[in-house]
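Below is one structure, written out as structure tokens; comments come after it.
Residue numbers (my numbering), protein chains in the order written: chain U, 18 to 200; chain A, 23 to 198.
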């Protein structure tokens, strides 16, 4: 149960998104701000506790044109290099690597423990670990391997999107379960 | 003060959550609140909220996952992030983990495009373009209406999210 009495700001800003129909209050506020074509506001944040260590973050992508003239410039979304998106997602778009990251979410593990948890062996396990380390989602420490804060953020976020936004229909593809609100 | 800072200053809910514009020493108020309630091992909170204006159409969505139950965590139950289907995550991300397909989706962001329009915008032609379009249609990120292709609301949500993530995340890391 969420202790909302200890989180009044979250409740005031986002409460509707969990239980009620319609956009959360904070988005109703944004509605009045995105007056130009291509305006976008995106908020990403969270917190976790892993083995007593806490980490919290908030990121806001706020791309709102200042006036009608600047609204004519290409928007943020079309300016982001497509290759950056590929580089960010490719390490995560792989079942075995997600299983490695899931095994590391609970705690850091040695390669022997990872092998046991994922069923991946030797060179195969090491290959995927290297891909994840190259992307800075996983790091090696004295004990073995652990997620980086970035790896944690990405894992719990893609899990949340996969679990809440879409229903996975296997080979039939994805089905939208939360469409949002259009006006 | 920049225009967005003025807008933030005049938005009481946003300001209460993120703090006054220009002031950033330590966690934002909403972040501090989350740090206070993630008391137990494995407690996790994630929120994504977004709104956009595409050719006058406003869209808003919010997505939250809260797992607070870790105070008595004994390792006997799996955390949601650990329980999620890894294959499902692969299926969600694969269509997007590809430069050409991201370029196709970006080309549709400012409005629906015909196959010729997409070809001109992305420099992909014929079979290659159709193959990528088919993958995006299968994933329901793109829809064909009449003679033109457009992003679905889901495709738009995901594109906006990953493009802004990539902008925030990858910028820090470059090739390393």
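All residues carry an ideal CB built from backbone N, CA and C; glycine is no exception.
Three-state secondary structure (DSSP) of residue i
i                      : result
residue 160 of chain U : coil
residue 51 of chain U  : coil
residue 62 of chain U  : strand
residue 80 of chain A  : strand
residue 22 of chain U  : helix
residue 163 of chain A : coil
residue 135 of chain A : strand
residue 173 of chain A : strand
residue 29 of chain A  : helix
residue 147 of chain U : helix
residue 50 of chain A  : coil
residue 60 of chain A  : coil
residue 120 of chain A : coil
residue 86 of chain U  : coil
residue 145 of chain A : coil
residue 150 of chain A : helix
residue 42 of chain U  : helix
residue 31 of chain U  : helix
residue 177 of chain U : helix
residue 137 of chain U : coil
residue 42 of chain A  : coil
Per DSSP, the bridge partner or partners of residue i
i                      : result
residue 79 of chain U  : U:58
residue 70 of chain U  : U:67
residue 67 of chain A  : U:64 and A:88
residue 73 of chain A  : U:58 and A:82
residue 155 of chain U : U:164
Partners in chain U for residue i, counting only beta-carbon separations shorter than 8 Å
i                      : result
residue 134 of chain A : Chain U residues near residue 134 of chain A: none, gap ~14 Å exceeds 8 Å.
residue 189 of chain A : 78, 93, 97 and 101
residue 70 of chain A  : 59, 60, 61, 174, 177 and 178
Neighbour list for residue i in chain A, Cβ cutoff strictly below 9 Å
i                      : result
residue 160 of chain U : Correct list: empty, because the minimum Cβ distance to chain A is about 17 Å.
residue 150 of chain U : In chain order: nothing, as chain A lies at least about 11 Å away.
residue 20 of chain U  : 59 and 90
Partner residues on chain A for residue i, Cβ-Cβ distance less than 8 Å
i                      : result
residue 68 of chain U  : 63
residue 146 of chain U : What residue 146 of chain U touches in chain A: nothing, since even the nearest Cβ is about 15 Å away.
residue 112 of chain U : 108, 109, 111 and 112
Neighbour list for residue i in chain U, Cβ cutoff strictly below 7 Å
i                      : result
residue 49 of chain A  : 73
residue 128 of chain A : 94, 95 and 99
residue 164 of chain A : Result: empty, since nearest Cβ-Cβ is about 12 Å, beyond 7 Å.
Per-residue contacts from residue i into chain U (C-beta, under 9 Å)
i                      : result
residue 131 of chain A : 55, 92, 94 and 95
Okay, do the segment 63-71 of chain U and the segment 172-186 of chain A touch, 3+ Cβ pairs below 8 Å being the bar?
-> no
Just checking, does the segment 46-59 of chain U make contact with the segment 114-128 of chain A on the three C-beta pairs under 8 Å criterion?
-> no
Which runs of the beta strand (DSSP E) spanning at least 3 residues fall entirely within the segment 90-135 of chain U, listed in chain order?
-> none
Contact between the segment 134-145 of chain U and the segment 108-120 of chain U (3+ Cβ pairs under 8 Å) | yes
Report yes or no: do the segment 66-79 of chain U and the segment 56-66 of chain A share at least 3 C-beta pairs separated by less than 8 Å?
-> yes
Flag this pair as touching only if the segment 36-55 of chain U and the segment 79-86 of chain U have three or more C-beta atom pairs under 8 Å; answer yes or no.
-> yes
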